[in-house]
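Take the sequence shown: its letter number 5 is residue 827 in the numbering used here, and every next letter is one higher.
The C-beta atom is built at its ideal place from N, Cα and C for all residues, glycine as well.
The model shown is predicted, which means the values in this text are computed figures rather than measured ones.
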Amino acid sequence: MAAEQVIDRAGLDRLVEVLQAEDYRVIGPQLRDDAIVLDELRSGAELPDGWGVTVAPGRYRVVQRADSAVFAHSAGPGSWKRFLHPPQRTTARIAPDLTAEPVVEPTARMAFLGVRGCDLAAIATLRSVLGAGRHPDPDFVRRDDGLFVVAVDCTEPGELCFCASTGTGPGAGPGYDLALTEQLDEAGHRFLVTTGSDAGAAILEQLPARPATAAEITGARDAIEAAGRCQHRALPDRDLPELLRDSRESPHWEEVANRCLACGNCTMVCPTCFCTATEDVTDLTGADAERRQRWASCFEIDFSYVHGGSVRQSGASRYRQWLTHKLGTWQEMHDSAGCVGCGRCIAWCPAEIDLTAEVARLAELTPLPDNTPGDRDDDR
Ligand code: SF4
Ligand code: SF4
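The following block contains the structure:
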């Protein structure tokens, strides 16, 4: 079978059925509570046909579209992280004699349907942090085991997207089993399908597909390139780890802290933030106790608590920690940035704080180092 095939809208429903028949728990976008959320799909009919979103700093609204596009909505409040690294889970039950029984929740093999380039990069980031190294998280590894990914090339980015500048989109990068490019024009509603693995090819063989025409392949490529060009936001064209290092004493941290509520929304919605806290909880009788793990945020005052007090007391130090880790030290630790340009933290920040604007301001306030090419007199 040729690598590039085309399925129609009914073929997309069939994709969900085939994945379910192969014993995958299929997770995909659906309209619920005035948002496009990610959850288990009972069928392809639950996909959000004809729904889009408008986003701005501190704002997210679903809107009915004039067409029936399925994937023409930018990142919603949830990310795939919650299925690989749940917001809360019980890790052990503790008996009155203080013996602990580890809790391993049953998990079905999952298929993610509709993963954009930015979120595909975020999954790769979680894998490098939680799934690799000397001490991989066994719960993450178990959930990720056998994951089937149907990516979606983004042809209609949202107002807050900046994946083109982080190099994580708008086309889907490596790591998918199948990738779809949605096309909706006078020739009909259809999806160009590219295979990325043997598992993907085996699923595609079970779908009612036809070979893509040269015009469809070119049209898909052009639409992805146009999607990259129309993004308004970008990270500054600077060495960001160096900029963050040189901005350590910038007065701008205090300026952001005057607006930041330290609510932690940005870390909760971020598809790459992975920090957790562990708590022991007992019932009122004291007979049962559990050890629970939950997502934690570096904006919590207790996050940096070290025998006797928190290291980062001020809001300025906490925002600096978050941004410096995302764009600076993460690069040194994991060989990639911790930001994939999805724009979620901007949409869901109640104070409308926009990390692209904050980094741009830091770049304005922090001169390039003296030895930077182009800054010397003899380079002019
Ligand atoms: S930057 Fe925004 S979302 Fe993040 S903690 Fe501050 S107010 Fe909350
Ligand atoms: S920092 Fe913001 S834009 Fe970057 S990946 Fe996280 S939520 Fe998305």
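Query                                                                                                                                                                 : Result
Where Met-932 and Gly-968 are concerned, what is the direct C-alpha to C-alpha distance, given to the nearest angstrom?                                               : 7 Å
Under the three-state reduction of DSSP, which class applies to Gln-827: helix, strand or coil?                                                                       : strand
So which of Ile-1123, Ser-896 and Leu-841 has the shortest CA-CA distance to Ile-1168?                                                                                : Ser-896
Between Leu-942, Gly-936, Ser-1126 and Tyr-998, which lies nearest to Arg-858 when the distance is taken from Cα to Cα?                                               : According to the sequence provided, residue 858 is Ile. The question's Arg does not apply to it. Ranking the options by Cα distance to Ile-858, first place goes to Gly-936.
Looking only at its chain, what residues have a beta carbon closer than 6 Å to the beta carbon of Arg-1060, apart from the 5 residues adjacent to it on each side?    : Ala-1185
What residues sit near ligand 1, counting only those whose C-beta is closer than 6 Å to one of its heavy atoms, in chain order?                                       : Cys-1082, Leu-1083, Ala-1084, Cys-1085, Gly-1086, Asn-1087, Cys-1088, Phe-1121, Cys-1171, Pro-1172, Ala-1173 and Ile-1175
Please state whether the Cβ-Cβ distance between Gly-866 and Pro-1030 is less than 8 Å.                                                                                : no
In chain order, which beta strand (DSSP E) runs of at least 3 residues are fully inside the segment 896–956?                                                          : 910–916, 922–924 and 932–937
At which residues does the alpha helix (DSSP H) containing Val-1078 begin and terminate?                                                                              : 1074–1079
Let's test the definition: count the other Cβ atoms within 10 Å of the Cβ of Cys-1164 and tell me whether it reaches 16, buried, or not, exposed.                     : buried
How about Pro-1093 and Asp-941: are their beta carbons less than 8 Å apart?                                                                                           : yes
If I follow the unbroken beta strand (DSSP E) through Val-974, where does it start and stop?                                                                          : 970–974
Exposed or buried, Leu-1065, counting other C-beta atoms within 10 Å across all chains shown (16 or more means buried)?                                               : buried
Between which two residues does the alpha helix (DSSP H) carrying Pro-960 extend?                                                                                     : 960–966
Who pairs with Gly-1130 in a beta bridge, going by DSSP?                                                                                                              : Answer by DSSP bridge pairing: none, since Gly-1130 is not bridged.
First and last residue of the beta strand (DSSP E) that includes Arg-1114?                                                                                            : 1111–1117
Just confirm the distance between the C-beta atoms of Trp-1144 and Phe-1121, as a whole number of angstroms; I'd bet it's less than 8 Å.                              : 7 Å
Less than 8 Å separating the beta-carbons of Ala-1159 and Thr-988?                                                                                                    : yes
Is it right to say Pro-1191 is buried, meaning 16 or more other beta carbons lie within 10 angstroms of its own, or is it exposed?                                    : exposed
Say yes only if the C-beta of Arg-1166 is nearer than 7 Å to one or more non-hydrogen atoms of ligand 2, and no if none qualify.                                      : yes
Is the distance from the Cβ of Gly-992 to the Cβ of Gly-1050 below 8 Å?                                                                                               : The amino acid occupying residue 992 in the given sequence is Pro; Gly does not appear at that position. Yes.
Going along the chain, which residues of its own chain have a beta-carbon closer than 6 Å to the beta-carbon of Glu-1101, five neighbours each way excluded?          : Arg-1114
Leaving out the 5 sequence neighbours to the left and right, which residues in its chain are closer than 6 Å to Arg-831 when beta-carbon positions are compared?      : His-1011
Go ahead and label Tyr-979 buried or exposed: buried means 16 or more other beta carbons lie within 10 angstroms of its beta carbon, across all protein chains shown. : Looking at the sequence itself, residue 979 is Pro, so the reference to Tyr does not match. So Pro-979 counts as buried.
Consult DSSP for Ala-1182 and reduce its assignment to one of helix, strand or coil.                                                                                  : helix
Check whether the segment 956–973 and the segment 1031–1042 touch, using three or more Cβ-Cβ pairs below 8 Å as the test.                                             : no
Name the DSSP beta bridge partners of Trp-1170, please?                                                                                                               : Looking at the DSSP assignment, Trp-1170 forms no beta bridge with any residue, so it has no partner.
Where are the beta strand (DSSP E) runs, 3 residues long or more, that stay fully inside the segment 1009–1067, in chain order?                                       : 1010–1017
Around the C-beta of Ser-901, are 16 or more other C-beta atoms found within 10 angstroms, so that it is buried, or is it exposed?                                    : buried
For Gly-1137, which residues of its own chain have a beta-carbon under 7 Å away from its beta-carbon, when the five flanking residues on both sides are left out?     : Ala-1079, Cys-1082 and Ala-1084
How about Arg-883 and Thr-876: are their beta carbons less than 8 Å apart?                                                                                            : yes
Alpha carbon to alpha carbon, what distance is there between Ala-1118 and Val-972?                                                                                    : 29 Å
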